[in-house]
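Here the structure is laid out as structure tokens; the discussion comes afterwards.
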Amino acid sequence: RVLSPHSEKYMSIVDTPEVTPERARYYDRIRDHGLSPLWMVFNRLITREPKSQCHPHLWRYDILKPLLMEAGELITAREAERRVLILENPGMPDSGRITTSLYAGLQLVLPGELAPAHRHSQSALRFVVDGDGAYTAVNGERTLMSPGDFVITPPWTWHDHGNESDAPMIWMDGLDIPVLQFFDASFAEPYGEEEQPVTRKTGDSLARYGANMLPVDFERTRLASPIFNYPYDRSREAIDRMRRQDEWDPCHGLKLRYINPVDGDAAMPTISAFIQLLPNGFNTAAYQSTDATVFSVVEGRGYSIIAGDRFDWTPRDTFVAPSWALVTHHPAEESVLFSFSDRICQQKLGIFREQRHDA
Ligand code: GTQ
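If you read the sequence shown in the working numbering, its first letter stands for residue 225, the second for the next number, and so on.
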């Protein structure tokens, strides 16, 4: 008998025992005492391979943008607190999740608008998709944001956003909201005023921490990176110079991870982020990993095959690959993909796994 890779039988390591009338009566009786027989649910709890509710999916920017601009007429950033359309995974409707452990959304800040200051125990990243020159303020420092910039808001830091440019600004938010939900560890606080005071010069943290150096007497006060903004021109330059060497990873093309310069770990304690370059016509070897991954297309055009389905992408599109799904990329032009996942979390817990199929 041929078993479907998703069948209960294939995914399980034992057979679920039959329910006899005598056993059924016993199960009913113990339920009243807050008890449940493991052997009836073992196969649901412990599977041979990750079994996810998360579906592969792609959100087209040309469909999303007009809907987001419509939200701009329905509600102000101030009233909304954050005017965001959540990218909700179709396999997990109403969950506020793009993957099982992560949240993503597209945030709109119109010219002249403010998104009021608050802080929370969740970590947040911004990846700039459209517009130029709006700012986010973190810990008293404003950073101006341009397309492709990777900006972080570490846990429990005050942050507010504003747009003093003359065009709408749209970025992707990535947060670890479901992780905090899972641990029941969510705290949040409004600042009480619209904006936090600006106490540091724009660009100060990048100067101090972003040149492969640290201030001589730097003392670590938190887990997250002291750099708030990893500007795209620098990331792009790095991969562009690597490109000249013409050494490609069969699964990833050229792929770099954003780091905390203090310890070389991810920029934030729970979220890993990456940028990769794929040359024209480079068909990647199949790859699977336990970190479900959210991709944002920065440059180029092509498609990806995720768990057997094809997703065609162009710049500013967002797509998601579930845990352990086989992924291949097929760029039709030289392409740049930004991505983020919970990899750093899993690595710290010793549960991260990956499998390359490039033999
Ligand atoms: O910008 O602070 O997409 O607090 C969700 C929650 C963005 C933010 C989100 C948030 C923010």
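For every residue, glycine included, the Cβ atom is placed at its ideal position computed from N, Cα and C.
Item                                                                                                                     : Value
L326, enclosing alpha helix (DSSP H) - first and last residue                                                            : Taken as a continuous stretch (DSSP letters only), L326 belongs to no alpha helix (DSSP H), as it is neither H nor E.
Residues near R225 in its chain [Cβ-Cβ closer than 8 Å; skip 5 each side]                                                : Here R225 scores only 42 on pLDDT, less than 50, and its place in the model should not be relied on; the value that follows carries that caveat. Excluding positions up to five away in sequence, the list is empty.
Beta-carbon proximity list for S446, same chain, < 7 Å, skipping 5 on both sides                                         : It should be pointed out that residue 446 corresponds to Arg in this sequence rather than to Ser. P378.
Simplified DSSP assignment, three categories, for Q346                                                                   : coil
Contact shell at 5 Å, judged by CB to any heavy atom of the ligand GTQ, ordered along the chain                          : R306, V308, G329 and D397
Own chain partners of W382 with C-beta closer than 6 Å, once the 5 adjacent residues on each side are dropped            : A341, R343, Y415 and Q420
Cut-off 6 Å between Cβ atoms - residues of its own chain near H581, not counting five sequence neighbours on either side : A509 and A510
Beta-carbon proximity list for P493, same chain, < 6 Å, skipping 5 on both sides                                         : L447
Close-in-space but distant-in-sequence residues of the same chain around T271 (CB under 6 Å, 5 per side omitted)         : M235
One or two residues paired with D354 in a DSSP bridge                                                                    : I394
Extent of the continuous alpha helix (DSSP H) to which G296 belongs                                                      : Y285 to L298
Coil, strand or helix - Y482 by DSSP                                                                                     : coil
Run of the beta strand (DSSP E) containing E365, from where it starts to where it stops                                  : E365 to L368
Contact under 9 Å by Cβ, F452 with W395                                                                                  : no
CA nearest to the CA of Q512, picked from R525, V522 and I529                                                            : I529
Cβ distance (whole Å) where H554 is taken to contact G524 below 8 Å                                                      : Not really, about 11 Å apart at Cβ, beyond 8 Å.
Within 9 Å, strictly: CB atoms of L334 and P392                                                                          : yes
Burial state of N507 (16 or more Cβ within 10 Å)                                                                         : exposed
Rounded separation between Y251 and R268 - CA only                                                                       : 17 Å
Three or more C-beta pairs below 8 Å linking the stretch 560-574 and the stretch 488-504                                 : yes
DSSP three-state assignment for V403, whether helix, strand or coil                                                      : helix
Residue from G357, L438 and G329 with nearest C-alpha to T426                                                            : G357
Inter-residue Cα distance where the pair is S345 and L404                                                                : 8 Å
Three-state secondary structure assigned by DSSP to Y359                                                                 : strand
For S260 and I254, the rounded distance between their alpha carbons                                                      : 7 Å
Identified DSSP bridge partners for W263                                                                                 : Bridge partners of W263: none, in fact.
Paired residues, beta bridge with E523 - DSSP                                                                            : V560
Integer Cβ distance of I667 from V518, believed to fall under 8 Å                                                        : Since the first residue of the chain shown is 225 and the last is 583, residue 667 is not available in this structure.
G398 classed as buried or exposed, judged by whether at least 16 other C-beta atoms fall within 10 angstroms             : buried
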